[in-house]
Every structure is written in structure tokens, then in C-alpha cells.
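This report refers to the structure that appears directly beneath it.
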Amino acid sequence: MSKKVIQSRKSTSGPVENSKKTVIKVTDLHKSFKLPTERAAGLKQAIFNRLKGIKGYTEQKVLRGISFEIKQGEFVGIVGRNGSGKSTLLKLLAGIYTPGQGTIEIDGTLVPFIELGVGFNPELTGRENIYLNGALLGFSNSEMTAMYDEIVRFAELEPFMDAKLKNYSSGMQVRLAFSIAIRARGDILILDEVLAVGDAEFQKKCNDYFASLHGNQTVILVTHSMENVRQFCDRAILIENGEITADGKPEAVATAYENLWSQG
């Protein structure tokens with residue numbers, strides 16, 4: 031099992047305990063983005079702006095000192111309104127972004143599925159795309175071979191694995207991507223708004239699978255569905271304006287989220 035540390039301007043702490051150990055530790059996490067304003071018309075104007083202290087961008091602070099821990103086997107929902115910072119947090123956990131300040135410690139292999147089907151090649155077969163996605167996630171060919179039958183069986187696409195992906199319906203592609211997401215055997219699974227996939231029968235199958243995960247795999251689910259939070263999560267975190275405003279029982283956090291909308 032590997033341990034990954036994404037760090038900026040801060041040192042990390044010591045070992046974790048074996049019993050219900052911490053698999054994700056986020057400490058004082060900040061992230062900002064520079065948004066360009068109007069451009070200088072020419073070099074002379076650019077020099078003038080620099081001398082006058084006029085910047086060509088504004089700084090948008092997305093995360094403002096986020097700190098939390100996730101234990102092994104927890105199913106944690108992360109919720110918040112659009113623009114709250116939850117998607118940025120996910121991309122930081124996945125290593126897509128780097129922190130502006132603070133640390134992220136990850137103990138184990140993390141499988142992020144922030145957008146289903148990213149990395150699919152329509153000119154390759156379903157079989158080849160499974161191995162391609164596995165490689166993108168850091169799995170070897172032998173590891174993907176061990177997972178292959180389970181992925182295909184869950185997706186219910188056995189007769190189509192040697193057909194090119196461009197000949198799949200959109201529903202078939204989503205089922206394949208989702209099956210890779212939940213069957214890839216990582217220690218930590220990150221899912222972003224992907225529970226409502228496929229037809230009603232396949233959704234029920236997915237729901238049954240998630241209901242079986244409690245205590246067996248660490249899962250982080252980012253969602254706007256408070257029904258999913260109440261049904262699957264054993265803990266939830268609410269982010270508002272880049273800060274954690276609630277962290278605890280799913281019912282309490284879901285209610286706090288719903289109250290944000292009623293307050294406008």
C-alpha cells in the first residue's frame with residue numbers, strides 16, 4: 031500500500047494507526063485561481079499598469095483553510111452549492127490541482143472518477159478501453175486482467191466487448207465507465223455525481239452495490255442529491271464559500287444544505 035503526500039509550504043505528520051486508520055488527512059488547505067481582467071493594449075500600457083500596481087488578473091479564493099480527516103471504510107458525502115469549492119477539493123484530492131497552501135496526505139491507492147468516460151477512445155474496443163482506463167488509473171495489465179471479468183459482468187456488456195466504443199450507445203458507454211469506476215480495486219474511491227446512470231434496473235443494481243460497501247471500502251461521493259447522502263453515507267461534509275460549515279451525521283448535514291436554499 032502506498033502513501034502519497036501532496037504538500038505546499040508545510041511538513042506532514044507521523045504514522046497512522048492500524049485500527050480504523052486515517053486514510054485521508056487534509057490540513058489547512060487553500061486554493062486560489064487567477065482570473066484575467068482586461069488586457070493591456072500594448073507593451074507601453076502593460077509597463078504603465080505594472081508601475082501603477084495594476085494587475086492583469088483578480089484572485090479568486092476557492093478554498094479557505096479546509097481541514098478534515100477520513101477513516102478507512104467511511105462512506106463520506108461532500109455537498110455544497112455550485113461554486114462552493116467541492117469540485118476543486120475533489121481535483122486536489124485526485125492530484126489534478128496542487129494546493130496553494132496546506133497539505134493532503136493519502137494512505138493507499140486512490141481511484142478518482144470525476145467525469146465518467148474521460149480517457150475513452152471511440153476507435154478502440156470496449157475491451158481495449160478497459161485496459162486503457164486501467165493504465166490511466168495506474169493499474170498494470172495483470173491487475174486489470176484480474177478485474178476484467180467482474181467489470182464486464184457488472185456492466186452487462188459481455189457480447190459487446192470486441193466492438194468499437196463508437197458503436198456503443200451513450201447508455202452502454204456510461205455503464206462501462208461506471209463499472210470500471212466501482213470495480214477498479216483501489217483503497218479509496220472518489221465519485222462525482224455518477225450514481226444516476228443507466229436504466230432503472232441498472233440503477234437498482236448500483237444502489238445495491240453501494241449499500242454493500244459500508245465499512246468495506248473508503249468512498250467519497252460529491253453530490254447534489256440529499257437522497258443519496260441520506261441513503262448511502264455514514265458521514266457528510268458541507269462546504270459553503272470555500273469553508274466547511276457542517277461535518278457530521280448525514281441527516282443533519284443534508285438538512286443544513288437544504289436550509290441554504292431556503293435562505294436564498
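Throughout the sequence shown, residue numbering follows the working numbering, covering 31 to 294 in sequence. Each residue gets a CB set at the ideal place from its N, CA and C atoms; glycine is no exception.
In or out: residue i buried (at least 16 other Cβ within 10 Å) or exposed?
{"i": "Tyr287", "result": "buried"}
{"i": "Leu195", "result": "buried"}
{"i": "Ala284", "result": "buried"}
{"i": "Phe63", "result": "exposed"}
{"i": "Val35", "result": "With a pLDDT of only 48 at Val35, under 50, the local geometry of the prediction cannot be trusted, and the value read off the model is given with reservation. The residue in question, Val35, is exposed, as its Cβ has fewer than 16 Cβ neighbours within 10 Å."}
{"i": "Ser41", "result": "Any answer about Ser41 is weak, because its pLDDT of 32 lies below 50 and its placement is not dependable; what the coordinates show is given next. Ser41 comes out exposed."}
{"i": "Lys234", "result": "exposed"}
{"i": "Asp238", "result": "exposed"}
{"i": "Gly132", "result": "buried"}
{"i": "Met31", "result": "The pLDDT assigned to Met31 is 40, lower than 50, so where the model puts this residue is not dependable; a value taken from the coordinates is nonetheless given after this. Exposed is the call here."}
{"i": "Asn48", "result": "With a pLDDT of only 44 at Asn48, under 50, the local geometry of the prediction cannot be trusted, and the value read off the model is given with reservation. Exposed, by the Cβ-count rule."}
{"i": "Thr57", "result": "buried"}
{"i": "Ala266", "result": "buried"}
{"i": "Ser43", "result": "Low confidence applies here, because Ser43 scores a pLDDT of 40, under 50, leaving its location unreliable; read the following figure in that light. Ser43 should be labelled exposed."}
{"i": "Pro129", "result": "buried"}
What first and last residue would you give for the alpha helix (DSSP H) that runs through residue i?
{"i": "Ile160", "result": "156–166"}
{"i": "Phe105", "result": "Segment 105–109 is the beta strand (DSSP E) holding Phe105; no alpha helix (DSSP H) there."}
{"i": "Ala286", "result": "280–293"}
{"i": "Leu195", "result": "Counting along the chain, Leu195 falls outside any alpha helix (DSSP H), and DSSP gives it neither H nor E."}
{"i": "Gly201", "result": "200–213"}
Please list the terminal residues of the continuous beta strand (DSSP E) segment that includes residue i.
{"i": "Gly115", "result": "It is not in any beta strand (DSSP E) - Gly115 carries neither H nor E in the DSSP assignment."}
{"i": "Arg265", "result": "265–270"}
{"i": "Ile181", "result": "It is not in any beta strand (DSSP E) - Ile181 instead sits in the alpha helix (DSSP H) that spans 171–185."}
{"i": "Phe143", "result": "140–143"}
{"i": "Asp58", "result": "52–66"}
{"i": "Asp217", "result": "Neither: Asp217 is in no beta strand (DSSP E) and is coded neither H nor E."}
{"i": "Thr133", "result": "131–137"}
Taking the alpha-carbon of residue i as reference, which of the options has the nearest alpha-carbon?
{"i": "Lys101", "options": "Val92, Glu135, Ser117", "result": "Glu135"}
{"i": "Ala211", "options": "Glu99, Gly149, Asn289", "result": "Gly149"}
{"i": "Thr113", "options": "Gly278, Leu268, Glu281, Ser292", "result": "According to the sequence provided, residue 113 is Gly. The question's Thr does not apply to it. Closest by alpha carbon: Leu268."}
{"i": "Cys236", "options": "Gly216, Met256, Ala207, Asp217", "result": "Ala207"}
{"i": "Phe262", "options": "Thr155, Tyr161, Pro280, Leu120", "result": "Pro280"}
{"i": "Gln293", "options": "Arg111, Lys50, Arg213, Val141", "result": "Arg111"}
{"i": "Leu221", "options": "Ala230, Asp229, Phe190, His254", "result": "His254"}
{"i": "Gly156", "options": "Glu188, Ala214, His244, Asp217", "result": "Glu188"}
{"i": "Phe240", "options": "Gly107, Asn159, Leu140", "result": "Gly107"}
{"i": "Arg215", "options": "His244, Glu231, Val141, Asp277", "result": "Val141"}
{"i": "Lys51", "options": "Lys61, Glu99, Leu65, Thr57", "result": "Glu99"}
{"i": "Gly103", "options": "Arg213, Ser117, Asn171, Ile218", "result": "Ile218"}
{"i": "Asn289", "options": "Thr175, Val109, Phe169, Lys116", "result": "Val109"}
Please go through the stretch 223–260 and give each complete beta strand (DSSP E) segment of 3 or more residues, from N-terminal end onward.
-> 248–252
Give a yes or no on contact between the stretch 86–97 and the stretch 264–278, applying the rule of three or more CB pairs nearer than 8 Å.
-> yes
How do the stretch 185–204 and the stretch 165–173 stand: do at least 3 beta-carbon pairs fall below 8 Å, yes or no?
-> no
Decide if the stretch 245–257 is in contact with the stretch 178–185; the criterion is three or more beta carbon pairs, one per stretch, under 8 Å apart.
-> no
Validate contact between the stretch 115–127 and the stretch 202–209 using beta carbons, cut 8 Å, 3 pairs = no
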